[in-house]
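In my numbering, the protein residues as written are 2 to 170. Think of the CB as a built atom: it goes at the ideal place given N, C-alpha and C, for glycine as much as any other residue. As the structure is a computational prediction, the values presented were derived from the model and not from experiment. For reference, the structure discussed in these notes is given below.
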């Protein structure tokens, strides 16, 4: 069995070892005690352990379980209170009523021009096709030009078609 340590005022630090024969051996005094004195010696060793001795080991104080969640809850409460105070109308910008222009809403076209840099792309893209293969001879309208349904954009030429037209005439 493991020895039980104790402090004896007369002889200093001692050790008790318990054996199955119910005898107690006091090692530093080298005397044998009978089983009747076992209770008194063991009881004395436990009462002495409550006093601070050099062999006592200090246990660190356990942090209480409510401290960390309580701190987190307090931080959330303070942040919420600050958000509510900052969002209230008393901290909003105030404008004089005479500086505000009011008008009645009407349905109609909105005439607004906006100057900006960028690329304007049509949401509808049209592919130009020809009935016969040809070569572009002249570009009449460039990108960005205003076109109508009758506008001629490119002039194409195909020497084989020109010969066929002349031969038919």
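Beta carbon of residue i nearer than 8 Å to that of residue j
{"i": "residue 136", "j": "residue 157", "result": "yes"}
{"i": "residue 140", "j": "residue 155", "result": "yes"}
{"i": "residue 162", "j": "residue 133", "result": "yes"}
Residue i - containing alpha helix (DSSP H), residue span
{"i": "residue 74", "result": "68-88"}
{"i": "residue 112", "result": "Segment: none, residue 112 is in no alpha helix (DSSP H) and carries neither H nor E."}
{"i": "residue 162", "result": "160-169"}
Endpoints, the beta strand (DSSP E) within which residue i is located
{"i": "residue 149", "result": "Note, residue 149: premise wrong, no beta strand (DSSP E); not H, not E."}
{"i": "residue 136", "result": "136-140"}
Same chain only: Cβ atoms within 6 Å of residue i, ignoring 5 sequence neighbours per side
{"i": "residue 124", "result": "none"}
Sequence-distant residues of its chain with Cβ nearer than 8 Å to residue i (five each side left out)
{"i": "residue 160", "result": "none"}
{"i": "residue 74", "result": "none"}
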